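J.:
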Amino acid sequence: IRQIEAKVLRKIRPYLTSEIKKKNILSKIRDQEGDLYHKIRKEPISIDDVVKYLYIKDSLTSVESLLVEYFNKEGFDKPYEQIYEIRKLVVYTLNAQYFENEDFDFLKSSKIPNLEYLDLEGCKVIDYDKVNVIKDSAMSGKTSLSTLILPKYVTEIGESAFKGCPLGYITQDDLGSFQFLTIPSSVTKIGSYAFDSAKYVKFNTLVVPAISKNAFDTSSTGARIFVPESTIDEFISLNNLNSQFIYHTAM
Numbered sequence: 142i143r144q145i146e147a148k149v150l151r152k153i154r155p156y157l158t159s160e161i162k163k164k165n166i167l168s169k170i171r172d173q174e175g176d177l178y179h180k181i182r183k184e185p186i187s188i189d190d191v192v193k194y195l196y197i198k199d200s201l202t203s204v205e206s207l208l209v210e211y212f213n214k215e216g217f218d219k220p221y222e223q224i225y226e227i228r229k230l231v232v233y234t235l236n237a238q239y240f241e242n243e244d245f246d247f248l249k250s251s252k253i254p255n256l257e258y259l260d261l262e263g264c265k266v267i268d269y270d271k272v273n274v275i276k277d278s279a280m281s282g283k284t285s286l287s288t289l290i291l292p293k294y295v296t297e298i299g300e301s302a303f304k305g306c307p308l309g310y311i312t313q314d315d316l317g318s319f320q321f322l323t324i325p326s327s328v329t330k331i332g333s334y335a336f337d338s339a340k341y342v343k344f345n346t347l348v349v350p351a352i353s354k355n356a357f358d359t360s361s362t363g364a365r366i367f368v369p370e371s372t373i374d375e376f377i378s379l380n381n382l383n384s385q386f387i388y389h390t391a392m
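Heads up: take any position in the sequence shown, counting from 1, add 141, and you land on our numbering.
1) Kindly indicate which three-state DSSP category T202 falls into: helix, strand or coil?
2) For the structure I just gave you, are there three or more beta carbon pairs, one from the stretch 283-298 and one from the stretch 307-314, closer than 8 Å?
3) For G332, which residues of its own chain have a beta-carbon under 8 Å away from its beta-carbon, when the five flanking residues on both sides are left out?
4) Leaving aside the five residues before and after L347 along the sequence, list all residues of the same chain whose C-beta is less than 8 Å from its C-beta, in chain order.
5) Can you check which of these residues, Y233, F240, S318, I227, is closest to L256 by C-alpha distance?
6) Does the distance between the C-beta of E375 and the nearest non-hydrogen atom of the ligand NAP fall short of 6 Å?
7) Checking 7 Å against the spacing of the C-beta atoms, do T359 and N383 come in under that value?
8) So T323 and N345 are supposed to be a Cβ contact under 8 Å. How far apart are they, rounded?
9) Under 8 Å Cβ to Cβ from K252, same chain only, skipping five residues before and after it: list those, please.
10) So, for F245: in the same chain, excluding its five sequence neighbours on each side, which residues have a beta-carbon less than 8 Å away from its beta-carbon?
11) Since F240 and V266 are thought to touch, with beta carbons under 8 Å apart, how far apart are those beta carbons, to the nearest angstrom?
12) Given that a residue counts as buried once 16 or more other Cβ atoms are within 10 Å of its Cβ, and exposed if not, what is Y258?
13) Within 10 Å of its beta-carbon, does A237 have 16 or more other beta-carbons around it, so buried, or fewer, so exposed?
14) In chain order, which continuous runs of the beta strand (DSSP E) of length 3 or greater are located wholly inside the stretch 285-361?
15) If we ignore side chains and look at the alpha-carbon of each, how far apart do I181 and L235 end up?
16) Got a sec, what are the start and stop residues for the alpha helix (DSSP H) L195 sits in?
17) Go ahead and pull the three-state DSSP assignment for P246.
18) Between which two residues does the alpha helix (DSSP H) carrying Y221 extend?
19) Could you check the C-alpha separation between E210 and I197 for me, to the nearest Å?
20) In whole angstroms, give me the CA-to-CA distance for S338 and N213.
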């Protein structure tokens, strides 16, 4: 495990279109949402914040055990007091290991209540014997979590996996940049209520996945969906998305 200034960690994907188009879409969203637009904007990651990097290298290692071991070695008698304060976490799996259900259970627990940034892009996940599947209710109710980078090769996202997590936002800097929840191109299925509180969502896929009912909030104040231009008609035709709030990127 190591720590590094958050300015090095800039994996959140930029909006893929011209500045003019971005400003036009932001203006449209402002008009649609009124005062709510200003309430959901957040500060970008502070360069003063510290990010924890974890490497799961063997079957006996878990996110929790790595953190406890690290803080013990750093001389802390009560490692869970330090874990309690963690806000940003990046996890990698090595040597054919997996990010397992127990790791999700720990990150969802009250032991690490302030977690707001989670990067799993470098992980392989497993739900019991189902590889590249995120289990049902994996992080449901983790209301502190606003930034999530999904595993690069995840194929299925279970029901209520990130239910209640306010993922995706617009920064409060001068540009008002989108900070998306990005759905990788590998995803083929998204379960009911998986992202029911996600606000700004971008699909990086040319093949539209199966999206279950209520996977996203389709209300007037719900999810704004950004998709490749070549797929927008197919996304708009889906019954489980609100076609009024689907936009295309320049992908």
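Glycine residues also receive a C-beta, built at the ideal position from the N, C-alpha and C atoms. It should be emphasised that the depicted structure is a prediction, and the values quoted were computed from it without experimental measurement.
T.: In terms of the structure at hand:
1) coil
2) yes
3) D277, E297, I298, G299, E300, S301, A302, S353, A356
4) S326, P369, S371, T372
5) I227
6) As for the ligand NAP, it is missing from this structure, which has no ligand bound.
7) yes
8) 6 Å
9) E205, Y221, I224, Y225
10) I275, K276, A279, M280
11) 5 Å
12) buried
13) exposed
14) 288-290, 322-324, 341-344
15) Residue confidence for I181 is low, a pLDDT of 48 falling below 50, so the modelled location carries little weight; the figure read from the coordinates is stated next. In a straight line, the C-alpha of I181 is about 36 Å away from that of L235.
16) Where L195 is concerned, there is no enclosing alpha helix (DSSP H), although the beta strand (DSSP E) it sits in stretches over 191-197.
17) In the sequence on display, residue 246 carries Asp and not Pro. D246: helix per DSSP, three-state reduction.
18) 220-224
19) 13 Å
20) 36 Å
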